[in-house]
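Number of protein chains: 4
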Amino acid sequence: MAYNNDSDKVKEKKKSKREAIMNAVIMTVAQKGFHKTNISDIARAANVADGTVYLYFKSKDEMFIKAFEELATKKLKTIKQLIDTKQSALERLSSFFDYHIEIITENPYIARFIGVEIRQSPDFYEKYPSYQPFKEYISYLQQLIEEAKAEGDIRDVDAEAVSYIIFGTMDFILAEWAMKNQEFPLEDMKNKISDILQFGLMKRGEK
Amino acid sequence: MAYNNDSDKVKEKKKSKREAIMNAVIMTVAQKGFHKTNISDIARAANVADGTVYLYFKSKDEMFIKAFEELATKKLKTIKQLIDTKQSALERLSSFFDYHIEIITENPYIARFIGVEIRQSPDFYEKYPSYQPFKEYISYLQQLIEEAKAEGDIRDVDAEAVSYIIFGTMDFILAEWAMKNQEFPLEDMKNKISDILQFGLMKRGEK
Amino acid sequence: MAYNNDSDKVKEKKKSKREAIMNAVIMTVAQKGFHKTNISDIARAANVADGTVYLYFKSKDEMFIKAFEELATKKLKTIKQLIDTKQSALERLSSFFDYHIEIITENPYIARFIGVEIRQSPDFYEKYPSYQPFKEYISYLQQLIEEAKAEGDIRDVDAEAVSYIIFGTMDFILAEWAMKNQEFPLEDMKNKISDILQFGLMKRGEK
Amino acid sequence: MAYNNDSDKVKEKKKSKREAIMNAVIMTVAQKGFHKTNISDIARAANVADGTVYLYFKSKDEMFIKAFEELATKKLKTIKQLIDTKQSALERLSSFFDYHIEIITENPYIARFIGVEIRQSPDFYEKYPSYQPFKEYISYLQQLIEEAKAEGDIRDVDAEAVSYIIFGTMDFILAEWAMKNQEFPLEDMKNKISDILQFGLMKRGEK
DNA sequence: CATGAATGAGTCTTCATTCAT
DNA sequence: TATGAATGAAGACTCATTCAT
Numbered sequence: 465m466a467y468n469n470d471s472d473k474v475k476e477k478k479k480s481k482r483e484a485i486m487n488a489v490i491m492t493v494a495q496k497g498f499h500k501t502n503i504s505d506i507a508r509a510a511n512v513a514d515g516t517v518y519l520y521f522k523s524k525d526e527m528f529i530k531a532f533e534e535l536a537t538k539k540l541k542t543i544k545q546l547i548d549t550k551q552s553a554l555e556r557l558s559s560f561f562d563y564h565i566e567i568i569t570e571n572p573y574i575a576r577f578i579g580v581e582i583r584q585s586p587d588f589y590e591k592y593p594s595y596q597p598f599k600e601y602i603s604y605l606q607q608l609i610e611e612a613k614a615e616g617d618i619r620d621v622d623a624e625a626v627s628y629i630i631f632g633t634m635d636f637i638l639a640e641w642a643m644k645n646q647e648f649p650l651e652d653m654k655n656k657i658s659d660i661l662q663f664g665l666m667k668r669g670e671k
Numbered sequence: 465m466a467y468n469n470d471s472d473k474v475k476e477k478k479k480s481k482r483e484a485i486m487n488a489v490i491m492t493v494a495q496k497g498f499h500k501t502n503i504s505d506i507a508r509a510a511n512v513a514d515g516t517v518y519l520y521f522k523s524k525d526e527m528f529i530k531a532f533e534e535l536a537t538k539k540l541k542t543i544k545q546l547i548d549t550k551q552s553a554l555e556r557l558s559s560f561f562d563y564h565i566e567i568i569t570e571n572p573y574i575a576r577f578i579g580v581e582i583r584q585s586p587d588f589y590e591k592y593p594s595y596q597p598f599k600e601y602i603s604y605l606q607q608l609i610e611e612a613k614a615e616g617d618i619r620d621v622d623a624e625a626v627s628y629i630i631f632g633t634m635d636f637i638l639a640e641w642a643m644k645n646q647e648f649p650l651e652d653m654k655n656k657i658s659d660i661l662q663f664g665l666m667k668r669g670e671k
Numbered sequence: 465m466a467y468n469n470d471s472d473k474v475k476e477k478k479k480s481k482r483e484a485i486m487n488a489v490i491m492t493v494a495q496k497g498f499h500k501t502n503i504s505d506i507a508r509a510a511n512v513a514d515g516t517v518y519l520y521f522k523s524k525d526e527m528f529i530k531a532f533e534e535l536a537t538k539k540l541k542t543i544k545q546l547i548d549t550k551q552s553a554l555e556r557l558s559s560f561f562d563y564h565i566e567i568i569t570e571n572p573y574i575a576r577f578i579g580v581e582i583r584q585s586p587d588f589y590e591k592y593p594s595y596q597p598f599k600e601y602i603s604y605l606q607q608l609i610e611e612a613k614a615e616g617d618i619r620d621v622d623a624e625a626v627s628y629i630i631f632g633t634m635d636f637i638l639a640e641w642a643m644k645n646q647e648f649p650l651e652d653m654k655n656k657i658s659d660i661l662q663f664g665l666m667k668r669g670e671k
Numbered sequence: 465m466a467y468n469n470d471s472d473k474v475k476e477k478k479k480s481k482r483e484a485i486m487n488a489v490i491m492t493v494a495q496k497g498f499h500k501t502n503i504s505d506i507a508r509a510a511n512v513a514d515g516t517v518y519l520y521f522k523s524k525d526e527m528f529i530k531a532f533e534e535l536a537t538k539k540l541k542t543i544k545q546l547i548d549t550k551q552s553a554l555e556r557l558s559s560f561f562d563y564h565i566e567i568i569t570e571n572p573y574i575a576r577f578i579g580v581e582i583r584q585s586p587d588f589y590e591k592y593p594s595y596q597p598f599k600e601y602i603s604y605l606q607q608l609i610e611e612a613k614a615e616g617d618i619r620d621v622d623a624e625a626v627s628y629i630i631f632g633t634m635d636f637i638l639a640e641w642a643m644k645n646q647e648f649p650l651e652d653m654k655n656k657i658s659d660i661l662q663f664g665l666m667k668r669g670e671k
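Chains as they are written, first to last, in the working numbering: chain A, 465 to 671; chain B, 465 to 671; chain C, 465 to 671; chain D, 465 to 671.
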């Protein structure tokens with residue numbers, strides 16, 4: 465049933481090859497580091513020939529950028545769906561923090577990829593000024609913060625500043641955790657940090 | 465008189481040449497980015513021959529690591545001296561934050577170097593497991609936090625967690641700031657963040 | 465009726481496709497130059513798939529050789545027909561020169577193709593020793609010269625030598641003209657050269 | 465004596481390496497053809513490492529252009545010196561023709577290089593519009609023709625047209641001769657052509 | 001016959017490192 | 001010590017050719 469349409473079959477095959485390459489990028493970069501990952505590595509990991517990569521991406525750069533973007537977008541979407549059930553914005557904000565860390569924890573190679581490797585190329589920022597991988601994440605965080613403020617759950621803080629604190633902290637501990645090969649218990653650390661941050665946002669006299 | 469001691473002259477020359485190379489590393493990396501900086505660039509900037517670099521460092525890697533370490537150590541020492549006059553640990557903690565940002569602001573190339581480029585090579589962490597550029601910074605931060613707790617100025621929080629929040633936040637905004645070519649006003653952002661963080665550490669009912 | 469003979473249809477299609485490829489070769493090479501022209505370019509210009517090219521030619525080399533040969537043969541045939549009306553061999557010889565240049569002038573891409581690009585591959589001469597694109601041209605020229613001699617219109621010169629002078633000169637000025645993007649007036653130059661050459665072939669005291 | 469100056473020694477070594485590469489270019493291109501010659505071939509022929517080529521030339525293109533130019537200039541200079549002793553311009557013109565062919569005959573690989581391969585890259589004419597390898601040759605020929613006219617040795621012909629006839633003819637027969645692996649007797653052909661051309665330039669009633 | 005996705009050998013170029021001077 | 005010419009391994013990318021559909 466699934467394959468009785470040739471057009472579909474072809475499309476799927478093509479899609480799966482592109483996806484295989486995308487996955488190969490993430491896995492390989494996570495393992496070998498951004499700058500030691502070459503086209504041959506990726507091609508081998510994706511089970512395709514070197515040249516095949518260039519059927520799907522114009523250049524190595526473009527391939528990496530696409531991999532970053534698609535991974536970030538996908539993860540953000542997952543998180544959004546997960547926290548969509550929460551009633552208050554504060555809960556959503558707190559859950560955002562939790563889920564982000566949880567997702568990364570379950571796929572440590574993503575931590576390595578996003579948290580450690582993604583910063584590696586100021587080149588990208590020059591060559592592709594529009595390349596702002598965290599932008600969506602940060603915007604969404606700020607939106608949650610504004611909502612929480614509007615709902616009266618947190619005090620009147622600058623949303624941008626708070627978003628940087630939350631994201632910077634998450635980014636840093638995940639990078640450290642990934643770099644140190646997951647030696648320290650992330651769950652514990654996450655809770656401690658979550659407490660402190662929430663405490664800093666709470667209105668006086670509450671709780 | 466000046467030239468009657470060859471040994472001294474040589475030693476001094478050597479020292480100054482090594483230093484010239486270290487400075488050249490930082491300046492060049494800051495300008496061209498980590499991965500576009502090659503030995504020839506550095507040698508030219510340091511006014512030495514390519515081969516000379518290898519008289520002072522075993523490899524390019526080692527040279528970069530040493531440059532990172534020495535810069536971090538030097539800056540930490542400067543900060544320590546600056547905040548040594550402060551009476552309370554809380555003040556020192558707050559000043560640490562301020563000075564760190566101030567120093568970086570005045571030397572944006574360091575921001576680029578430390579904040580953006582330093583994370584670039586997970587290789588380093590494998591090849592040179594002892595390479596933990598932030599370690600000293602983080603330890604010192606934790607020490608300040610413990611002192612502030614002991615002095616009763618801040619509530620009983622986990623020092624490690626707090627150090628990660630502070631450092632992660634600083635690291636992130638400086639990287640963003642550097643990456644976006646110093647477009648947004650760092651001073652403003654710093655104050656907002658500082659306020660929020662302090663608020664989160666304060667004891668209830670205080671201030 | 466139209467479609468009841470599959471064999472014919474197929475043969476015609478095949479023929480027209482082959483011709484489309486041949487034309488595409490000449491046009492594309494004329495535009496992009498020999499070595500920048502690849503199979504994909506040609507296939508696109510001929511409106512066929514890359515693989516289709518290999519149904520009509522064993523290799524890229526063979527395809528180019530066939531294109532050269534067929535173009536040269538076709539043009540020579542055209543010239544022969546045009547000068548067939550002329551009475552004397554000398555007139556035919558002179559007209560040959562004129563028509564050759566005229567044809568090329570009207571299709572500058574051929575000049576580029578024949579005059580500039582055709583010489584590009586000594587490989588061809590090794591791989592395909594029978595590849596002598598000018599041979600037919602030269603032979604025909606020599607034949608005309610012999611006839612003119614027999615008719616007593618020109619003095620007793622070595623036909624081979626004269627054929628080389630005529631062809632070499634034509635070849636060179638057309639190549640220069642094509643390479644310099646048709647900047648200088650070819651008509652003028654042609655007449656001057658034609659005069660000089662005729663003068664050199666004339667019998668003393670004549671005209 | 466020759467090597468008692470270090471600076472000289474170094475300069476000579478460097479010069480000899482550059483020259484080795486230049487010679488390797490010409491020899492290798494003559495043997496393998498322009499487009500089948502790669503950097504590795506040249507480096508091997510010059511007894512240097514691939515990378516060494518790039519110490520002397522910015523790119524493969526530049527290397528080829530320099531090789532063309534220097535070879536043409538050198539040969540023209542040699543010819544000029546040889547014909548400088550001749551009294552009349554007509555003799556110089558005739559000798560030019562003779563010597564050009566003689567030089568090429570003695571170094572058939574040059575014929576292949578100049579005559580056959582040099583035309584291979586319309587790219588060059590686009591990328592480097594100033595690249596006109598024959599220009600000097602042609603100009604010098606025209607100068608000789610004008611002088612011969614002024615001296616009354618040849619009739620009043622268009623110097624440009626004549627230069628194209630002479631150069632085109634030489635170019636063509638040398639290319640044919642080189643391409644056919646020196647099968648036919650060049651000396652004979654040269655004399656026949658020389659006669660015809662001189663005849664075409666002579667004044668009526670003369671000789 | 002026709003397609004065009006896939007292949008992978010081949011090529012230019014860069015650059016960390018060495019070593020003769 | 002200092003030099004910088006020389007090395008050659010490595011890597012991104014191209015493209016003629018094949019083959020499953």
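Even glycine gets a Cβ: it sits at the ideal position worked out from N, Cα and C.
Note that the coordinates shown come from a computational prediction; the quantities given were computed from them, not determined experimentally.
(1) Taking only the alpha-carbon atoms, compute the straight-line gap between Ala531 (chain B) and Val489 (chain B) and give it to the nearest angstrom.
(2) Taking the alpha carbon of Glu566 (chain B) as the reference point, which residue from B:Asp659, B:Lys481, B:Leu650 and B:Ile660 has its own alpha carbon closest?
(3) Listing by chain order, which chain B residues have their CB less than 7 Å from the CB of His564 (chain A)?
(4) Going by the CB atoms, is the gap between Tyr601 (chain C) and Met653 (chain D) shorter than 9 Å?
(5) Where does Asn673 (chain B) sit, in a helix, a strand or coil, going by DSSP?
(6) Who are the Cβ neighbours of Gln584 (chain B) in its own chain at under 8 Å, not counting the five residues just before and after it?
(7) Name the chain D residues whose beta carbon is nearer than 8 Å to that of Leu661 (chain C)?
(8) How would you list, in chain order, the residues of chain C whose beta-carbon sits under 7 Å from the beta-carbon of Asp622 (chain D)?
(9) If we cut at 9 Å on Cβ distances, does Val489 (chain A) have a partner in chain B?
(10) Does Ala625 (chain A) come within less than 9 Å of chain B when only Cβ atoms are used?
(11) Which same chain residues end up closer than 6 Å to Tyr563 (chain D) when comparing Cβ atoms and leaving out the 5 residues on each side of it in sequence?
(12) Taking the straight line between their C-alpha atoms, what separation do you get for Lys524 (chain D) and Thr537 (chain A)?
(13) Would you say Thr516 (chain B) reaches chain A, if we count a Cβ-Cβ gap shorter than 9 Å as a contact?
(14) Where Met509 (chain C) and Leu540 (chain C) are concerned, what is the direct C-alpha to C-alpha distance, given to the nearest angstrom?
(15) Confirm, please, whether the CB-CB distance from Ala513 (chain D) to Ile485 (chain D) is below 9 Å.
(16) Note the first and the last residue of the continuous alpha helix (DSSP H) segment covering Glu526 (chain B).
(17) Strictly under 9 Å for the Cβ-Cβ distance: is Met527 (chain D) near chain C by that measure?
(18) Take the Cβ of Asp548 (chain D) as the centre, count every other Cβ of all protein chains shown within 10 Å, and call the residue buried at 16 or more, exposed below.
(19) Less than 9 Å separating the beta-carbons of Gln662 (chain A) and Ser558 (chain A)?
(20) Got a sec: is the Cβ-Cβ distance from Asp635 (chain A) to anything in chain B below 9 Å?
(21) Going along the chain, which residues of its own chain have a beta-carbon closer than 8 Å to the beta-carbon of Phe631 (chain B), five neighbours each way excluded?
(22) What span of residues does the alpha helix (DSSP H) with Ser559 (chain C) cover, start to end?
(23) Tell me which same chain residues have a C-beta within less than 8 Å of the C-beta of Ser658 (chain A), skipping the five on either side of it?
(24) Residues of chain C with CB under 8 Å from Met653 (chain D), in chain order?
(25) Measure the Cβ-Cβ separation of Ala612 (chain D) and Leu554 (chain D) and say whether it is below 9 Å.
(26) Under 8 Å by Cβ, that's how I've got Lys656 (chain C) and Asp620 (chain D) pegged, so tell me the actual separation to the nearest angstrom.
(27) With 9 Å as the threshold, decide whether the Cβ of Glu640 (chain D) is near any Cβ in chain C.
(28) If you draw a straight line from the C-alpha of Lys550 (chain B) to the C-alpha of Leu608 (chain B), how long is it?
(29) Within 9 Å (strictly less), CB to CB, does Gly632 (chain B) reach chain A?
(30) Is Phe561 (chain D) near the ligand SAH - that is, is its Cβ less than 8 Å away from at least one heavy atom of it?
(31) Taking Cβ positions only, does Ala484 (chain C) come closer than 9 Å to chain D?
(32) To the nearest angstrom, how far is it from the Cα of Ala614 (chain A) to the Cα of Ser552 (chain A)?
(33) Taking only the alpha-carbon atoms, compute the straight-line gap between Ile503 (chain C) and Tyr518 (chain C) and give it to the nearest angstrom.
Judging by the given coordinates:
(1) 7 Å
(2) B:Leu650
(3) Within 7 Å Cβ-Cβ: nothing; His564 (chain A) doesn't reach chain B, min ~13 Å.
(4) no
(5) Outside the displayed range of chain B (465 to 671) lies residue 673 (chain B), so it cannot be described from this structure.
(6) Any reading at Gln584 (chain B) must be qualified, since the residue scores a pLDDT of 48, below 50, and its modelled position is unreliable; no value is offered.
(7) Neighbours of Leu661 (chain C) in chain D, taken as residues at a C-beta separation under 8 Å, are given in chain order as Ile629 and Gly664.
(8) Lys656
(9) no
(10) Chain B contact via Cβ: present.
(11) Ile543 and Leu546
(12) 44 Å
(13) no
(14) It is Ala, not Met, that sits at residue 509 (chain C) in the sequence shown. Taking the straight line from one Cα to the other gives about 26 Å.
(15) no
(16) Lys524 to Ile547
(17) No, Met527 (chain D) lies away from the interface with chain C (no Cβ there is under 9 Å from its Cβ).
(18) Flag for Asp548 (chain D) reads exposed.
(19) yes
(20) yes
(21) Phe598, Tyr601, Ile602 and Leu605
(22) For Ser559 (chain C), the enclosing alpha helix (DSSP H) stretches over residues Ala553 to Glu570.
(23) Ser558, Phe561 and Asp562
(24) Chain C residues near Met653 (chain D): Glu624, Ala625 and Tyr628.
(25) Yes, Cβ-Cβ distance for Ala612 (chain D) and Leu554 (chain D) is below 9 Å.
(26) Rounded, the Cβ-Cβ distance is 12 Å, inconsistent with contact.
(27) yes
(28) If you take the alpha carbons of Lys550 (chain B) and Leu608 (chain B), they lie about 12 Å apart.
(29) yes
(30) The ligand content of the structure shown is nil, which means the ligand SAH is not present either.
(31) no
(32) Their backbone Cα atoms lie some 11 Å apart in a straight line.
(33) 10 Å
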